[in-house]
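First the structure, in the form of structure tokens, and then the observations on it.
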Amino acid sequence: MHGSQTVRGRRDSLRVKWLSLPEAHGAARQGNAMAMERYYRPELDVLRCFAFLMVFASHTVPGSTAVGGAFGVDLFFTLSSFLITTLLLRESSVCGALDVTAFYLRRVLRILPLYFGFLLAATTLARSLVPDENLPLKYVVAFALLCGNWACVLWGYPHSVATPLWSVSIEEQFYLCWPLIMRRWVHRLTMVAVGLVVVSFVTRLCLVLHGAIHPQIWCNTLARLDPIACGALLAVRQDKREITLSPGIRVALLLGGCGVLTAAGRFGDVVGIKALVTFPAVTAACVALLVATLSLQMAPGRGPVVRALVYLGRISYGLYVFHSLFIRAFGVPSTHAPLARLMRAMAALLATIVVAAVSYHWFERPFLRLKESFTHVRSRPA
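Per my numbering, residue 7 is the first one in the sequence shown, and the count goes up by one each step.
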């Protein structure tokens, strides 16, 4: 082990020396120091955990109480865009340019093994746990092409445990273009992001005027760009100056963000005129939660509860992928007695956590280690 660490240290040292050469597009000393540092904010893993629990609650809590939890998807969008844009900005500063090919390889290694593994399971094995599982071939093809969200727009949701993968499709469509945009207009990202927000609003307006029904707006990539764009905007802002907030403002943002998400679920809508207000309000709430979280500075000796939340955030991709399978396998939607439904929901949550943890450590982790080979600015350790 010590030998491999020594080799890795020499390789990193050589990389830093190479970056300091004139050919490295004038990378500054500050950039070299940035390259040696791992950009990892454990508090963002806590926010990831919160986003997953929102989504899980929206699928298990009956009535309108937790409808707003569906907007946990928007929080995932905002978080993902912020982190990826931050890492790409740092890479641009360190290397003088973006390695787009390496970015694509990192996304493939992080997202696609579990994505396609679960899609394969949904088409072959899921019926043994969920007898009414049904993923028609046209949906399988669409999800395999990372266009599952558009299949939902055209034909509605399939009755399948793979349905939540629609949001992964939206993210990957965006990230197919985003590094190319950043490489071309890295100094104009604010204008680009604002333009994406406008595109998103205009798309929703056109769909509302044409009488779009659910999920024609909810799963439409062009109508869902604003949380992604605002995450990128926040990354540009933080790249210039670290966000610092007083405890009072931080608490106000956290409470306000949670309040808006709750109100959006109870009083808002994702179709019709209300959608024109609901989506921007939700995006603002997600940004508020992210800003408040970024202002936290977690102490190294954080307690066991926080460590557990950080861990759940670390495996949140697997939690999101698997949760629908176990919610349906334990029959949560068809159980109406409150206590029985609660017990089944808790069993589904526990099973989701166990399987996601197993997936992370024994299936995803080897790909994450390989991903490090194509990384210029390291992030969360695998």
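Virtual Cβ for every residue (Gly too), placed ideally from N, Cα, C.
Note that this is a predicted model, so its numbers are computed, not measured.
{"Item": "Cβ shell of Arg-247 (< 8 angstroms), same chain only, five flanking positions each side left out", "Value": "none"}
{"Item": "Any 3 or more C-beta pairs closer than 8 angstroms across the segment 250-264 and the segment 288-297", "Value": "yes"}
{"Item": "Cα-Cα separation between Leu-94 and Leu-355, rounded to whole angstroms", "Value": "34 angstroms"}
{"Item": "Rounded distance between the beta-carbons of Val-277 and Ala-218, thought under 8 angstroms", "Value": "6 angstroms"}
{"Item": "Val-327 vs Phe-62 beta-carbon contact at 8 angstroms", "Value": "no"}
{"Item": "Where the alpha helix (DSSP H) through Leu-213 begins and ends", "Value": "195-215"}
{"Item": "Alpha-carbon to alpha-carbon, Met-188 and Leu-131", "Value": "41 angstroms"}
{"Item": "Distance between Gly-309 and Thr-227 (C-alpha atoms, nearest Å)", "Value": "39 angstroms"}
{"Item": "Candidates Leu-318, Arg-47 and Thr-66: closest to Ala-353 by CA position", "Value": "Thr-66"}
{"Item": "Trp-224 burial status per 10 Å Cβ neighbour count (16 or more: buried)", "Value": "buried"}
{"Item": "Residue nearest to Val-106 in terms of C-alpha spacing, selected from Pro-48, Ser-134, Ala-57 and Leu-186", "Value": "Leu-186"}
{"Item": "Selection from Ala-235, Ile-176, Cys-183 and Trp-184 that minimises the alpha carbon distance to Val-203", "Value": "Ala-235"}
{"Item": "Start-to-end residues for the alpha helix (DSSP H) that takes in Gln-244", "Value": "231-246"}
{"Item": "Three CB pairs or more closer than 8 angstroms across the segment 337-347 and the segment 71-81", "Value": "no"}
{"Item": "Contact between the segment 358-372 and the segment 316-327 (3+ Cβ pairs under 8 angstroms)", "Value": "yes"}
{"Item": "Pro-286: first and last residue of the uninterrupted alpha helix (DSSP H) it sits in", "Value": "281-300"}
{"Item": "Contact under 8 angstroms by Cβ, Thr-473 with Ser-301", "Value": "The structure shown has nothing for residue 473, since the chain only spans 7 to 388."}
{"Item": "Arg-230 beta carbon less than 8 angstroms from that of Ile-279", "Value": "no"}
{"Item": "For Met-40, three-class secondary structure by DSSP", "Value": "Since pLDDT at Met-40 reaches only 47, below the 50 mark, its modelled position is unreliable, and the value read off the structure follows with that caveat. Here Met-40 sits in helix by DSSP."}
{"Item": "Beta-carbon contacts of Pro-48 that lie in its chain and below 6 angstroms, excluding the five residues immediately before and after", "Value": "Met-304 and Val-316"}
{"Item": "DSSP state of Val-147 mapped onto helix, strand, coil", "Value": "helix"}
{"Item": "Segment limits, alpha helix (DSSP H) that includes Asp-51", "Value": "48-66"}
{"Item": "Pairwise C-alpha distance: His-329 and Ile-359", "Value": "9 angstroms"}
{"Item": "Where Val-383 falls: helix, strand or coil (DSSP)", "Value": "coil"}
{"Item": "Supposed close pair Leu-50, Leu-89 - CB separation, criterion 8 angstroms", "Value": "7 angstroms"}
{"Item": "C-alpha gap between His-193 and Asp-232, whole angstroms", "Value": "20 angstroms"}
{"Item": "Collapsed DSSP secondary structure at Val-136 in the structure displayed", "Value": "coil"}
{"Item": "Which of helix, strand or coil DSSP assigns to Leu-331", "Value": "helix"}
{"Item": "Selection from Arg-44, Glu-139 and Leu-195 that minimises the alpha carbon distance to Arg-334", "Value": "Glu-139"}
{"Item": "The segment 108-124 in contact with the segment 374-381 per 3-pair CB rule at 8 angstroms", "Value": "yes"}
{"Item": "Nearest candidate by alpha-carbon position, reference Leu-135, set Lys-144, Val-167 and Pro-142", "Value": "Val-167"}
{"Item": "Rounded straight-line distance, which links the Cα of Pro-372 to that of Cys-212", "Value": "45 angstroms"}
{"Item": "Proximity test, Leu-302 beta-carbon vs the ligand SAM heavy atom, cut-off 7 angstroms", "Value": "In terms of ligand content, the structure shown is empty, and the ligand SAM therefore cannot be addressed."}
{"Item": "For Glu-97 and Pro-339, the rounded distance between their alpha carbons", "Value": "45 angstroms"}
{"Item": "Close-in-space but distant-in-sequence residues of the same chain around Val-361 (CB under 6 angstroms, 5 per side omitted)", "Value": "Phe-328"}
{"Item": "Beta-carbon contacts of Ser-70 that lie in its chain and below 6 angstroms, excluding the five residues immediately before and after", "Value": "Arg-272"}
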